[in-house]
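Counting in the working numbering, the sequence shown runs from -12 upward without gaps.
Working notes, structure below.
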Amino acid sequence: MKCTAREWLRVTTVLFMARAIPAMVVPNATLLEKLLEKYMDEDGEWWIAKQRGKRAITDNDMQSILDLHNKLRSQVYPTASNMEYMTWDVELERSAESWAESCLW
-12 MKCTAREWLR VTTVLFMARA IPAMVVPNAT LLEKLLEKYM DEDGEWWIAK
38 QRGKRAITDN DMQSILDLHN KLRSQVYPTA SNMEYMTWDV ELERSAESWA
88 ESCLW
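Right under this line is the structure:
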């Protein structure tokens, strides 16, 4: 079987395109949309400031957000050589809450 340079070019092009096409596809965000809809009132008053509870999101939703975030980060192209897995940082959460409480709107 004799392959010409033109045939090798075709094969190489197909392989490169097969690798690049998944990076061009927009990820399905239905999980994120379902999560966001959960926190919106049907009355449309979700944007009005309310007294904040102990935690704005549930532990399950927090884990869902982290899982989705890690999934999307793992799909970047070109692939990262040292992409670390994100976890929830309680100390960072407290720091963010402190900054948010001192914020004047």
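Ideal Cβ placement from N, Cα and C applies to all residues, glycine included.
key: Best match in Glu24, Asn69 and Cys90 for proximity to Asp48 [C-alpha to C-alpha]   = Here the question's residue 48 lines up with position 61 in the sequence shown. Closest by alpha carbon: Glu24.
key: Reduced DSSP category for Asp76 - H, G, I as helix; E, B as strand; rest coil   = If you number the sequence shown from 1, residue 76 lands on position 89. Coil, per DSSP.
ask   = What residue does the alpha helix (DSSP H) around Leu91 start on, and which one ends it?
value = Position 104 of the sequence shown, counting from 1, holds the residue named residue 91. Premise fails: Leu91 is in no alpha helix (DSSP H) and is neither H nor E.
ask   = What's the gap between the Cα of Tyr64 and the Cα of Met70?
value = Position 77 of the sequence shown, counting from 1, holds the residue named residue 64. Position 83 of the sequence shown, counting from 1, holds the residue named residue 70. Cα to Cα, the separation comes out at about 12 angstroms.
inquiry  = Give me, in chain order, the residues of the same chain whose beta-carbon lies closer than 6 angstroms to that of Ser85; leave out the 5 immediate sequence neighbours on both sides.
reply    = For the purposes of this step, residue 85 is identified with residue 98 of the sequence shown, where counting begins at 1. So the list is empty, once near-sequence residues are dropped.
query = With C-beta atoms as the reference, is Trp75 less than 8 angstroms away from Leu55?
reply = Taking the sequence shown and counting its residues from 1, the one referred to as residue 75 is at position 88. Taking the sequence shown and counting its residues from 1, the one referred to as residue 55 is at position 68. Against a cut-off of 8 angstroms, the Cβ pair of Leu55 and Trp75 comes out as no contact.
ask   = Helix, strand or coil: which one does DSSP assign to Ile52?
value = Indexing the sequence shown from 1 puts residue 52 at position 65. DSSP places Ile52 in helix when its eight states are reduced to three.
For Glu71, the three-state DSSP class (helix, strand or coil) = If you number the sequence shown from 1, residue 71 lands on position 84. If DSSP states are grouped into helix, strand and coil, Glu71 belongs with coil.
task = Could you check the C-alpha separation between Ser68 and Asn57 for me, to the nearest Å?
result = Along the sequence shown, one-based indexing puts residue 68 at 81. Along the sequence shown, one-based indexing puts residue 57 at 70. Ser68 and Asn57: Cα-Cα distance of roughly 15 angstroms.
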